[in-house]
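Visitor: Got a structure here, written out as structure tokens. Questions coming.
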Amino acid sequence: MATHIESGLKNIVVAVKQVPDTNQVRIDPETGTLIREGVPFIVNPFDTHALEAGLQMKDRFGGQVIALSMGPPNTVMTLRKCLALGADQAILISDRMFGGADTLATSYVLTEAVKRIERENGRIDLIFCGKQTIDGDTAQVGPGLATRLGFAQLTLVDQIIDFSKESRTITVRRKLEGRKEIVQTQLPALLTVVREGNKPRYPTVPSRLGAETAEVTVWNNDVLKLAPELIGLRGSPTNVKRIFAPERKMGEILGDGEKDPRGAVQLLVQKLVERDLLSF
């Protein structure tokens, strides 16, 4: 287990999620639900960059990295991948009572887990999350967690510029639409990381083998003792009614672009004008 540099970082929590591989997910057109049978699960791609950011901070400034996930029992495999990459501890929050949670209930459970980690391990300086998950795409859990904890929150981070042990501040660059922004804040802070922020490392063979039998701590609601009305479906004011793929309209071939390119262009312009997509 890593030791922290005096006045440096003590504990870094990285929130990760196990998600279905969306490249292989299909939607049942009758029920409007995901067909999960036979679909492999992966680590949420954005979260791999969050983990790398946490590991880089540990490499530079010390401390220990704690991977935290909420999900079904098989999420242990995802957390073992985090251990193989360099996380010092892995904690799984798993209980049927947590199932069906929306982002509000999820952020509440994660908040209580982080508080427990702090009671057991000491001060938490940083929390890293991926920008969003590829299954929910809400980007709400990270900010929700920061708000509940009272942490400063820096979203859409693509570069960590500086960390000062003396002033206990972190300076980052945020990737916004059409511009970038440099922000500094006091610790503790929660950062959500974009994919462009770093290149995740690969595990070594020894670390991968060691992670296969490494201990993953599991907390159910007997441990966390959260009120049933605040967790899972009961604690979720929103729920997904239907998931559907957008209908694709039949395409239309306009003229012969190879033999008569000029005629094809004229026909295309005519169609655009007819649909009020082009005017002169």
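Following our numbering from start to finish, the sequence shown increments by one per residue and tops out at 322. Note that beta-carbon positions come from the ideal geometry of N, C-alpha and C, so glycine has one too.
Using the Cβ count rule (16 or more neighbours within 10 Å means buried), how would you classify Pro137?
Guide: The question names Pro, but residue 137 is Asp in the sequence shown. Its Cβ being crowded by 16 or more others within 10 Å, Asp137 is buried.
Visitor: Can the beta-carbon of Arg216 be found less than 8 Å from the beta-carbon of Leu198?
Guide: Yes, the Cβ-Cβ distance between Arg216 and Leu198 is below 8 Å.
Visitor: Three or more C-beta pairs under 8 Å: does that hold for the region 205-215 against the region 223-243?
Guide: With a cut-off of 8 Å, the region 223-243 and the region 205-215 count as touching, because enough Cβ pairs lie within range.
Visitor: Between Gln182 and Thr227, how many whole angstroms is the CB-CB distance? I'm expecting something under 8 Å.
Guide: Contact flag wrong, Cβ pair sits at about 20 Å.
Visitor: Under DSSP, the alpha helix (DSSP H) around Glu223 begins and ends at which residues?
Guide: Here Glu223 belongs to no alpha helix (DSSP H); instead the beta strand (DSSP E) covers Arg221 to Gln228.
Visitor: By the three-class DSSP mapping on this structure, what secondary structure does Asn263 have?
Guide: It is helical.
Visitor: Buried or exposed: which applies to Tyr244, given that a residue is buried once 16 or more other Cβ atoms fall within 10 Å of its Cβ?
Guide: Answer is exposed; the Cβ neighbour count stays below 16.
Visitor: In the DSSP output, what is Val199 paired with across the bridge?
Guide: Arg216 and Val235, per the DSSP bridge assignment.
Visitor: Going by beta-carbon coordinates alone, are Gly50 and Leu97 separated by less than 8 Å?
Guide: Contact flag unset, no.
Visitor: Might you give, ordered along the chain, the residues of its own chain that have their beta carbon closer than 8 Å to the beta carbon of Asp89, omitting 5 neighbours on each side?
Guide: These residues qualify, in order along the chain: Val56, Ala57, Val58, Lys59, Cys171, Gly172 and Thr175.
Visitor: Where does the unbroken alpha helix (DSSP H) through Phe103 begin, and where does it stop?
Guide: Pro87 to Phe103 is the extent of the alpha helix (DSSP H) around Phe103.
Visitor: Going by the beta-carbon positions, is the gap between Ala184 and Ala95 smaller than 8 Å?
Guide: According to the sequence shown, residue 184 is Gly rather than Ala. Not closer than 8 Å, so no.
Visitor: What separation, rounded to the nearest whole angstrom, lies between the Cα atoms of His46 and Val282?
Guide: The predicted position of His46 is uncertain, since its pLDDT is 40 and thus under 50; a value taken from the coordinates is nonetheless stated next. Each residue's Cα considered, the two are about 43 Å apart.
Visitor: Taking 8 Å as the threshold (C-beta atoms), are Val235 and Ala92 in contact?
Guide: Yes, the Cβ-Cβ distance between Ala92 and Val235 is below 8 Å.
Visitor: Specify the secondary structure class of Thr255 as computed by DSSP and reduced to three states.
Guide: Thr255: coil per DSSP, three-state reduction.
Visitor: My parser needs the beta strand (DSSP E) runs of 3 or more residues fully inside the region 130-173; what are they?
Guide: Runs of the beta strand (DSSP E) inside the region 130-173: 131-135 and 166-172.
Visitor: My understanding is that Pro279 touches Met139, with C-beta atoms under 8 Å, so please give their C-beta distance in whole angstroms.
Guide: Between Met139 and Pro279 the Cβ distance is about 17 Å, and since that is not below 8 Å, they are no contact.
Visitor: If we ignore side chains and look at the alpha-carbon of each, how far apart do Glu257 and Thr117 end up?
Guide: Taking the straight line from one Cα to the other gives about 13 Å.
Visitor: Taking all protein chains shown into account, do 16 or more other C-beta atoms lie within 10 angstroms of the C-beta of Thr189, making it buried, or fewer, making it exposed?
Guide: Thr189 comes out exposed.
Visitor: Please name the residue, chosen from Asp204, Phe205, Gln308 and Asp200, that lies closest to Glu219 on a Cα-to-Cα basis.
Guide: The option with the nearest alpha carbon to Glu219 is Asp200.
Visitor: DSSP three-state call for Leu121: helix, strand or coil?
Guide: Correct three-state label for Leu121: helix.
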